[in-house]
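Visitor:
In this note's numbering, the protein residues as written are 7 to 436.
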């Protein structure tokens with residue numbers, strides 16, 4: 007199915023396609039997105055950012071991402087939700103571990119947006135990705151995020167071995183959250199509108215307030231806040247470029263947008279790859295001003311809204327994408343309410359739930375890294391270099407993981423590497 011053009015035409019026909027099926031599918035995709043917002047919060051606090059900076063980050067990603075998705079969905083009459091890169095958040099953590107300040111990282115986000123825009127305008131996407139096997143990218147992603155899950159084990163261990171103070175209550179709430187997550191994962195087919203991570207978060211919230219573990223001082227002066235202009239610090243621009251801009255660009259092009267493109271093609275659509283890339287570049291440039299690492303096409307949410315869950319009519323499914331974008335933007339707009347509310351709760355319990363939220367991302371990354379026989383060694387090296395979370399010469403582990411992975415692939419997996427390059431040369435750029 008070829009994509010149609012015209013925002014006005016998309017708006018005009020939208021009421022015809024808004025029904026219980028497309029609306030529910032869009033909301034389900036939005037709820038999935040809402041659950042991952044906890045990852046942004048956990049990463050922001052682990053980076054040592056202030057509440058205002060974390061609010062601005064969430065606002066930028068969760069407002070501007072859906073805006074580009076809304077534009078594309080209406081213009082091309084296709085379900086193309088926009089959000090932000092979950093894997094890209096790992097690069098932000100890597101940059102913070104390397105000692106970069108948020109204004110310095112904003113320069114990296116800006117440069118990444120410019121790179122994505124140029125790749126879209128010039129059509130050089132496939133040429134750049136030719137030399138970077140996707141298993142290496144996914145290995146790096148899993149390695150950067152892995153500590154959040156291993157930290158969960160550490161929290162539970164600390165609470166079990168020391169039940170003094172409120173630790174016994176933390177342990178009870180934490181175990182109930184894990185059990186709820188596992189049970190809802192088992193029953194996912196019966197409760198599609200209830201993501202397991204959302205249920206786990208509700209368990210934590212109810213437990214915290216029932217046991218009186220909340221800190222209301224975090225709500226002092228609660229008010230609506232929009233995004234904050236962060237400014238750009240161009241010091242260490244070289245290190246920022248290689249440790250943040252390059253890996254983030256490769257993730258946007260090679261993982262997030264590529265996943266959405268593949269999903270749309272599998273459903274019989276002809277996705278506007280060039281427009282998707284250009285809008286992701288513009289989105290990345292805009293979000294960088296407010297601390298957001300990028301705004302791109304949301305692969306998992308595209309998979310939900312483009313599937314049969316949105317109905318049998320391919321022409322109608324773009325309505326689900328529109329609903330999803332509107333639904334997701336709400337959490338971004340009210341980030342100044344969401345973040346202080348989360349601050350009232352014990353941070354380790356929030357980190358525990360965030361770790362559970364990242365299990366799916368890590369699993370899919372590991373599966374994509376090691377599902378085939380090709381590039382397993384290079385993906386393995388990329389995974390463990392990223393897992394170490396060490397920076398060299400002021401450059402974060404995400405870059406070194408990609409570099410080491412490519413070198414290992416070129417030296418030890420020469421046949422696979424040559425086949426990848428030769429195969430990409432035969433592909434056209436859409």
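For each residue, glycine too, the CB sits at the ideal point set by N, CA and C.
(1) To the nearest angstrom, how far is it from the Cα of residue 142 to the Cα of residue 136?
(2) Please give me, in chain order, every unbroken run of the alpha helix (DSSP H) with length at least 4 that falls completely inside the segment 268–328.
(3) Alpha carbons only, please: which of 73, 277, 360 and 342 is nearest the one belonging to residue 229?
(4) The alpha helix (DSSP H) that contains residue 205, what's its start and end?
(5) How about residue 428: is its Cβ closer than 6 Å to a heavy atom in the ligand MG?
(6) Taking the beta carbon of residue 262 as the centre, do at least 16 other beta carbons fall within 10 Å, making it buried, or is it exposed?
(7) Could you pull out every residue in the same chain whose Cβ sits closer than 7 Å to the Cβ of residue 122, ignoring the five residues on either side in sequence?
(8) Classify residue 269: buried if its beta carbon has 16 or more other beta carbons within 10 angstroms, exposed otherwise.
(9) Buried or exposed: where does residue 422 fall if 16 or more other Cβ atoms within 10 Å of its Cβ makes it buried?
(10) Who are the Cβ neighbours of residue 517 in its own chain at under 6 Å, not counting the five residues just before and after it?
(11) If you follow the alpha helix (DSSP H) that residue 227 is in, where does it begin and where does it stop?
(12) On the CB-based measure, 16 or more other CB atoms within 10 Å of its CB, does residue 11 come out buried or exposed?
(13) Candidates 272, 65 and 168: which alpha carbon is nearest residue 296's?
(14) Assuming residue 359 and residue 206 make a contact with CB atoms under 8 Å, what is their CB distance in whole Å?
(15) Looking at the strands, I want to know which residues DSSP matches up with residue 89.
(16) Take residue 19 as the anchor and find which of 338, 368, 323 and 70 has the nearest alpha-carbon.
(17) Give the secondary structure of residue 240 by DSSP, where H, G and I count as helix, E and B as strand, and everything else as coil.
(18) Within its chain, find whatever has a CB closer than 7 Å to the CB of residue 414; leave out the 5 residues flanking it on each side and keep chain order.
(19) If we count the other Cβ atoms within 10 Å of its Cβ and call it buried at 16 or more, is residue 110 buried or exposed?
(20) By alpha-carbon positions, which one of 418, 139, 392 and 411 ends up nearest to residue 93?
(21) Cα-Cα, which of 292, 36 and 145 is closest to residue 389?
(22) How many angstroms separate the CA atom of residue 29 from the CA atom of residue 329?
(23) Under three-state DSSP, which class holds residue 420?
(24) Quick one: what does DSSP say residue 357 is sitting in, helix, strand or coil?
(25) What's the gap between the Cα of residue 102 and the Cα of residue 108?
(26) What are the boundary residues of the alpha helix (DSSP H) that residue 68 is part of?
(27) Is it right to say residue 419 is buried, meaning 16 or more other beta carbons lie within 10 angstroms of its own, or is it exposed?
(28) Using 7 Å as the threshold, is the C-beta distance between residue 79 and residue 327 below it?
(29) Which class does residue 4 belong to by DSSP, given the choice of helix, strand or coil?
(30) DSSP state of residue 350, grouped into three classes?
(31) Measure the C-alpha to C-alpha separation of residue 294 and residue 82 and round it to an integer number of angstroms.
(32) Is the beta carbon of residue 89 closer than 7 Å to that of residue 368?
(33) Roughly how far, in whole angstroms, is the beta-carbon of residue 161 from the beta-carbon of residue 180, given that I think they are within contact range, below 8 Å?
(34) Pull up the distance between the alpha-carbon of residue 197 and that of residue 191, whole angstroms please.
(35) Measuring CB atoms only, is the segment 55–75 touching the segment 302–318, in the sense that at least three cross pairs come out at less than 8 Å?
(36) Taking just the CA atoms, how far does residue 234 sit from residue 98?
Guide: The answer reads as follows:
(1) The residue given as residue 142 occupies position 136 in the chain shown. The residue given as residue 136 occupies position 130 in the chain shown. Those two C-alpha atoms are separated by around 12 Å.
(2) 279–294 and 305–311
(3) For this step, residue 229 is matched to residue 223 along the chain shown. Cα-wise, what sits closest to residue 229 is 342.
(4) For the purposes of this step, residue 205 is identified with residue 199 of the chain shown, where counting begins at 1. Per DSSP, residue 205 belongs to the alpha helix (DSSP H) from 202–216.
(5) Absence of the ligand MG is noted for the structure shown, with no ligands found whatsoever.
(6) In the chain shown, the residue the question calls residue 262 occupies position 256. Burial call: buried.
(7) Along the chain shown, read from residue 1 onward, the residue named residue 122 stands at position 116. For residue 122, where only same-chain residues beyond five positions count, the Cβ hits under 7 Å are 255, 258, 259, 283, 286, 287 and 290.
(8) Taking the chain shown and counting its residues from 1, one reaches residue 269 at position 263. Classification of residue 269: buried, given that the 10 Å Cβ count is 16 or more.
(9) To locate residue 422, count along the chain shown from 1; it is residue 416. Residue 422 should be labelled buried.
(10) What is shown of the chain runs 7 to 436, which leaves residue 517 out entirely.
(11) Start at 1 with the first residue of the chain shown, and residue 227 comes out as number 221. Here residue 227 belongs to no alpha helix (DSSP H), and DSSP marks it neither H nor E.
(12) Taking the chain shown and counting its residues from 1, one reaches residue 11 at position 5. Exposed is the call here.
(13) The sequence position of residue 296 within the chain shown is 290, counting from 1. Answer by Cα proximity: 65.
(14) By one-based count along the chain shown, residue 359 stands at place 353. By one-based count along the chain shown, residue 206 stands at place 200. Going by Cβ atoms, the distance from residue 359 to residue 206 rounds to 5 Å, so yes, they are a contact pair.
(15) Looking up residue 89 in the chain shown gives position 83. Bridge partners of residue 89: 302.
(16) Walking along the chain shown from the start, residue 19 turns up at place 13. Taking only the C-alpha atoms, the option nearest residue 19 is 323.
(17) Locating residue 240 in the chain shown gives position 234, where the first residue counts as 1. Here residue 240 sits in coil by DSSP.
(18) Looking up residue 414 in the chain shown gives position 408. Once the five neighbours on either side are set aside, the close Cβ partners of residue 414 are 383, 384 and 387.
(19) Within the chain shown, residue 110 is the residue found at index 104, counting from 1. The residue is buried, with at least 16 neighbouring Cβ atoms inside 10 Å.
(20) Walking along the chain shown from the start, residue 93 turns up at place 87. Residue 392 is the option with its Cα nearest to residue 93.
(21) Working through the chain shown from its first residue, we reach residue 389 at position 383. Comparing Cα positions, the closest option is 145.
(22) The sequence position of residue 29 within the chain shown is 23, counting from 1. The sequence position of residue 329 within the chain shown is 323, counting from 1. Roughly 6 Å between the two C-alpha positions.
(23) In the chain shown, the residue the question calls residue 420 occupies position 414. Correct three-state label for residue 420: helix.
(24) On the chain shown, residue 357 is found 351 positions in, with the first residue counted as 1. Residue 357: helix per DSSP, three-state reduction.
(25) As a position in the chain shown, residue 102 is number 96, starting the count at 1. As a position in the chain shown, residue 108 is number 102, starting the count at 1. Cα-Cα distance, rounded: 8 Å.
(26) For the purposes of this step, residue 68 is taken as residue 62 along the chain shown, with counting starting at 1. That run of the alpha helix (DSSP H) goes 57–82.
(27) For the purposes of this step, residue 419 is identified with residue 413 of the chain shown, where counting begins at 1. Buried, because 16 or more other Cβ atoms sit within 10 Å of the Cβ of residue 419.
(28) Along the chain shown, read from residue 1 onward, the residue named residue 79 stands at position 73. Along the chain shown, read from residue 1 onward, the residue named residue 327 stands at position 321. In this structure, residue 327 lies closer than 7 Å to residue 79 by Cβ.
(29) There is simply no residue 4 to check, as the chain begins at 7 and stops at 436 in what is shown.
(30) Along the chain shown, one-based indexing puts residue 350 at 344. Coil at residue 350, not helix or strand.
(31) The residue you call residue 294 lines up with position 288 of the chain shown. The residue you call residue 82 lines up with position 76 of the chain shown. Cα-Cα distance, rounded: 26 Å.
(32) One-based indexing of the chain shown puts residue 368 at position 362. One-based indexing of the chain shown puts residue 89 at position 83. Taking 7 Å as the Cβ cut-off, residue 368 and residue 89 do not qualify as a contacting pair.
(33) What you label residue 161 is simply residue 155 of the chain shown in a count that begins at 1. What you label residue 180 is simply residue 174 of the chain shown in a count that begins at 1. That pair is a contact at about 7 Å.
(34) Mapped onto the chain shown, residue 197 falls at position 191. Mapped onto the chain shown, residue 191 falls at position 185. Near 9 Å, if we compare the C-alpha coordinates of residue 191 and residue 197.
(35) yes
(36) Locating residue 98 in the chain shown gives position 92, where the first residue counts as 1. Locating residue 234 in the chain shown gives position 228, where the first residue counts as 1. In a straight line, the C-alpha of residue 98 is about 18 Å away from that of residue 234.
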